[in-house]
Amino acid sequence: MMRGKYAMKNKLYEHVLNIQGVKHPITNYDGLTRARDYILAQLDNLCDEVNCEEFTIDGFDKPFYNIDARIGTDEHGPVLLLGSHYDTVYNSPGANDNGSAVAALLCLAEIFAKHRGKVNLRLLFFSLEEGNPVFDDILINTSQTMGVKDSKGFYTTLAYQNDSRLFQEAFANARKKAVSFGEKFKTAYESVKEQISPQMRRFYEVCLSECIKYKDPMGYGERALNGSSRWVERHRDELTECLGIINFDPVAYASSRPHSHPMPPEMMSGVETFNIDMEKESGNFIVAIGSPGSNLLSQSYLHGAKKVELPYAFVNAPFNYEETAYAAPYLLLSDHAAFWKQGIPALFLTDTGGEMRYFFEHTPADTIDKLDFDFFEKVVLSAEFAISQLFGLER
Ligand SMILES: [Zn+2]
Numbered sequence: 001m002m003r004g005k006y007a008m009k010n011k012l013y014e015h016v017l018n019i020q021g022v023k024h025p026i027t028n029y030d031g032l033t034r035a036r037d038y039i040l041a042q043l044d045n046l047c048d049e050v051n052c053e054e055f056t057i058d059g060f061d062k063p064f065y066n067i068d069a070r071i072g073t074d075e076h077g078p079v080l081l082l083g084s085h086y087d088t089v090y091n092s093p094g095a096n097d098n099g100s101a102v103a104a105l106l107c108l109a110e111i112f113a114k115h116r117g118k119v120n121l122r123l124l125f126f127s128l129e130e131g132n133p134v135f136d137d138i139l140i141n142t143s144q145t146m147g148v149k150d151s152k153g154f155y156t157t158l159a160y161q162n163d164s165r166l167f168q169e170a171f172a173n174a175r176k177k178a179v180s181f182g183e184k185f186k187t188a189y190e191s192v193k194e195q196i197s198p199q200m201r202r203f204y205e206v207c208l209s210e211c212i213k214y215k216d217p218m219g220y221g222e223r224a225l226n227g228s229s230r231w232v233e234r235h236r237d238e239l240t241e242c243l244g245i246i247n248f249d250p251v252a253y254a255s256s257r258p259h260s261h262p263m264p265p266e267m268m269s270g271v272e273t274f275n276i277d278m279e280k281e282s283g284n285f286i287v288a289i290g291s292p293g294s295n296l297l298s299q300s301y302l303h304g305a306k307k308v309e310l311p312y313a314f315v316n317a318p319f320n321y322e323e324t325a326y327a328a329p330y331l332l333l334s335d336h337a338a339f340w341k342q343g344i345p346a347l348f349l350t351d352t353g354g355e356m357r358y359f360f361e362h363t364p365a366d367t368i369d370k371l372d373f374d375f376f377e378k379v380v381l382s383a384e385f386a387i388s389q390l391f392g393l394e395r
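Residues in the sequence shown are numbered consecutively from 1, following UniProt numbering.
Below is the structure:
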């Protein structure tokens, strides 16, 4: 296609194959370390600078690492950030979520290493997007000790499972009634506690004792997005001239089956689409979500998508972080939210994962054989196009 003989999709496949596997602080801490080392080894010789930045979580003894790799310097114009996370939930190999994003960034590093001196990129690989080890320890270990879940993470009785569904529903409804994650949890718990079994009540009280501290409306920087939130806090002042962040999470699942991606009209109103068959509702398009101020990033990406004939749905979000957390929290489901919160332009690329399309997300079935590498390659080629355009490179 555009790249002559460079077989990008073979490279994407190789990276996903190498990176898939559970990477979680409680169930496989070594997996996190191995993934970190794989990324560092791949970046070696491609970048001007690679920093592996340690951070810690109160109440947990092992450290975590964000990787921040630079190609070019601030002398080459305003910086463009590219984002991914490399951790997984406790039981998922995470081929798509978020092995796909790591593979995408590694391919982009290889491509733009050849343009050193003409671009200014920071490739970010975050840890702990998915969770908080203290809270996850309650969900995994305390739940077992209390007998509500088994060693595989399943509720031990149907009654407990039904209680948890009741709670989840109440939690979703609490979104508009409370300002912080902790208060939402409390509101949800109060509304169901008379209806659930005594053992589940005790379990939710332990959860609540931890998460009542979480002050952000989405629990970000606390319940989740721990790596990216810390990175933004640490580097915010360096980003005075910044084009923003393009964040990938996850980006490699597509389906041509009819109705594989439901498109309720109320959800699609105000959404700009390209080459999507609204009748057929096939999940063969990328979703791009732009924060206020991200127009330059979004337009560059969408231009690239048109060039490679990648169907898309684009949401140009008008609200600041707090308003979005209240009105449309599903626009904030990844690390770009930590940047949105700080007013840094953010473009989020996603196949929407388990929300609308990829039901293997956050399950042991998120494996490489599910992914569509033709679709995935177009997602990355569009990003390559956007980056080239933003830095005025000849293509
Ligand atoms: Zn993810």
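Beta carbons: idealized from backbone N, C-alpha and C, even for Gly.
Please report how far the alpha carbon of residue i lies from the alpha carbon of residue j, in whole angstroms.
i	j	result
Gly-293	Ala-338	15 Å
Leu-128	Ile-138	16 Å
Met-1	Glu-377	Note that Met-1 has pLDDT 47, beneath the 50 cutoff, so the model's placement of it is unreliable and no number is given.
Thr-33	Met-268	40 Å
Ala-252	Met-356	14 Å
Leu-243	Leu-296	8 Å
Lys-9	Phe-375	9 Å
Ile-26	Tyr-90	7 Å
Ser-84	Ala-101	5 Å
Asn-173	Phe-185	10 Å
Leu-105	Glu-194	48 Å
Phe-125	Tyr-86	6 Å
Thr-156	Gly-353	27 Å
Pro-318	Ser-256	31 Å
Cβ of residue i within 8 Å of Cβ of residue j?
i	j	result
Asn-132	Arg-234	no
Ile-387	Leu-80	yes
Tyr-301	Ala-383	yes
Ala-109	Leu-43	yes
Ala-288	Leu-333	no
Leu-82	Ile-246	yes
Ser-298	Gly-283	no
His-76	Val-119	yes
Val-206	Thr-142	yes
Ala-254	Asp-97	no
Ala-328	Ser-291	no
Gln-20	Thr-367	yes
residue 396	Cys-107	The structure shown has nothing for residue 396, since the chain only spans 1 to 395.
Is residue i near ligand 1, going by C-beta to nearest heavy atom under 7 Å?
i	result
Asn-247	no
Ser-334	yes
Asp-97	yes
His-115	no
Pro-250	yes
His-85	yes
Glu-233	no
Glu-129	yes
Considering only the alpha carbon of each residue, which of the options lies closest to residue i?
i	options	result
Gly-99	Gly-244, Pro-250, Lys-149, Cys-107	Pro-250
Thr-56	Glu-238, Tyr-358, Ala-252, Gly-227	Gly-227
Tyr-189	His-24, Val-179, Phe-167	Phe-167
Leu-17	Phe-375, Ala-35, Arg-175, Phe-60	Ala-35
Ala-325	Asp-237, Pro-217, Ile-212, Pro-318	Pro-217
Leu-136	Ile-111, Lys-306, Cys-211, Gly-94	According to the sequence displayed, residue 136 carries Asp and not Leu. Checking every option, the nearest Cα to that of Asp-136 belongs to Cys-211.
Phe-360	Pro-63, Arg-175, Ala-95, Glu-53	Ala-95
Val-50	Tyr-65, Asp-58, Phe-60	Tyr-65
Ala-113	Leu-46, Val-232, Asp-87, Trp-340	Leu-46
Are the C-beta of residue i and some C-beta of chain E separated by less than 8 Å?
i	result
Met-267	Annotation note: the requested chain E is absent from the structure, which comprises a single protein chain.
Are there three or more Cβ pairs, one per stretch, closer than 8 Å when the stretch 269-277 is compared with the stretch 308-316? yes
I'd like to know if the stretch 63-78 and the stretch 371-385 are in contact, where contact means that at least 3 CB-CB pairs between them fall below 8 Å. no
Any contact between the stretch 142-154 and the stretch 181-201? By contact I mean 3 or more CB pairs, one from each, below 8 Å. yes
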